[in-house]
């Protein structure tokens, strides 16, 4: 699967309540977006991971993912998504 397909699959898993599987899929998508040089895509997947971890009550992993997402959004100049990640 390419990065966008992984994103779609991760969202499907999230909506189905399969949170751990969604995180695993989003982590794979982060790598795929990184390989493609797509920092915005990486940030979006890290943001998704952070949201899921927050829903699971896993505060530290959530904060780590969201902080990384925000940093990537700063690098690409997307201040709206930076604010959402924070």
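Numbering (this note's numbering), first residue to last: 1 to 86. The C-beta atom is built at its ideal place from N, Cα and C for all residues, glycine as well. As the structure is a computational prediction, the values presented were derived from the model and not from experiment.
Three-way DSSP call (helix, strand, coil) for residue 45 in this model
helix
Tell me which residues share the same chain as residue 75 and place their Cβ nearer than 6 Å to its Cβ, disregarding the 5 neighbours each side in the sequence.
39
Endpoints, the alpha helix (DSSP H) within which residue 34 is located
19-36
Can you name the start and end residues of the alpha helix (DSSP H) that residue 16 belongs to?
Where residue 16 is concerned, there is no enclosing alpha helix (DSSP H), given that its DSSP letter is neither H nor E.
Going by beta carbon distance, what residues of the same chain come within less than 8 Å of residue 29, once the five residues before and after it are set aside?
3, 6, 7, 10, 41 and 45
Coarse secondary structure for residue 7, derived from DSSP in three states:
helix
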